[in-house]
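Here the structure is laid out as structure tokens; the discussion comes afterwards.
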Amino acid sequence: MSRVNVALFILLAFIWGSSYTFIKIAVDGLTPAQLVLGRVVLGAVVLFAVLTATKGKLPRNAAVWGHTVVTALLGMVVPFLLLAWGEQRTSAAMAGVLIAATPLLTLAAVTTALPAEKVTWRKGVGFAVGFVGVVLVIGPWSTSAGSLAGQLAVLGAALCYALQTVYVKKMLASKGVPPLVSATTQVITATVLQAIVTPFFPWKSPHFSAGVVISILLLGIVGTGLAYLIYFRLIGDLGAANASAVNYLVPITAVLVSLITLGESISWNMVVGTLIVLAALAFAENRVAALTPART
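No gaps in the numbering here: position 200 of the sequence shown is 200 in UniProt numbering, and each next residue is one more.
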């Protein structure tokens, strides 16, 4: 990678990792539905502004918009709500490390749902070992990192992200929609969907403290808008597989940010479990072999 791509790679890991801390702060003054609505509105404004500045256009194909409704639900509305609800019941650090299961769940979902993806012994072993790591992270013998319900909600968000990847590969990849157009369309659709469902969720008068305001601004403008732009830049430069390797750094930055800003405690099982999940993913994807230089 070039120096620019290395910097963007690290920056993206920091942005996504710190998002769990900002969610934790924001839900002190907002309901999950209010938080998600604010987040996607700000993200949509940023992405639409960039799309307009680059003379891009939203798709006119009705089928693309129809598929985007599904991807917006799976990639934003549902997981964002689950994360916000889950972080009311568990720590930001726990949320960050549990989301590390997303690539592993994606690998399992893609292998199961797409005929072109073959089931191999390497994938099977990687998924089995990764499952052990997730259980270790949760630590069912302890309640120090929050309730099991909150942790399962975060895992539900990870599963949504995995299912979205499968749906995009199966239904949208062949449509030829440019990444920036796809991202903007998805965030706009998520904004409309969240605006529709928000009145049906519990409501309370928002408490806009300085921390809540800063957190929602950072989640929307940076964590949803800018992060998408960086991610698609990396996909263009490095390819989707290499860009997705940022998921190896996200749990690390999530833990570090929550430690520094919230003073959350980190248990040994969270650290060991996360390392097991990441190692299992690396084994399943054969990344070690891919990084080993060929012998001559």
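Beta carbons: idealized from backbone N, C-alpha and C, even for Gly.
Under 9 angstroms between C-beta atoms of residue i and residue j
i    : j    : result
V110 : A279 : no
I134 : A101 : Before going further, note that residue 134 is Val rather than Ile in the sequence given. Contact flag set, yes.
S258 : A26  : no
G126 : E264 : no
L11  : T191 : no
A72  : L193 : yes
V187 : L47  : yes
DSSP three-state assignment for residue i, whether helix, strand or coil
i    : result
T120 : coil
T90  : strand
G150 : helix
W85  : helix
S19  : helix
L238 : helix
A289 : Low local confidence applies: a pLDDT of 48 at A289 is under 50, so the model's placement there is unreliable, with the coordinate-based value given in what follows. Here A289 sits in helix by DSSP.
H207 : coil
G56  : coil
N269 : helix
G223 : helix
P115 : coil
L12  : helix
N61  : coil
A33  : helix
Inter-residue CB distance, residue i and residue j (contact presumed, cutoff 8 angstroms)
i    : j    : result
T31  : P199 : With 8 angstroms as the limit, T31 and P199 do not qualify as a contact, their Cβ atoms being about 11 angstroms apart.
A33  : L81  : 7 angstroms
G150 : T90  : 4 angstroms
Cα-Cα separation, residue i to residue j
i    : j    : result
A183 : T52  : 13 angstroms
G29  : H207 : 4 angstroms
K123 : L155 : 20 angstroms
- Count the C-beta pairs between the segment 209-216 and the segment 91-101 that are closer than 8 angstroms, then say yes if the count reaches three, no if not. no
- Cβ contact (3+ pairs, closer than 8 angstroms) linking the segment 64-71 and the segment 237-255: no
- Query: Per the contact definition of three or more C-beta pairs closer than 8 angstroms, is the segment 224-240 in contact with the segment 38-51?
  - Reply: yes
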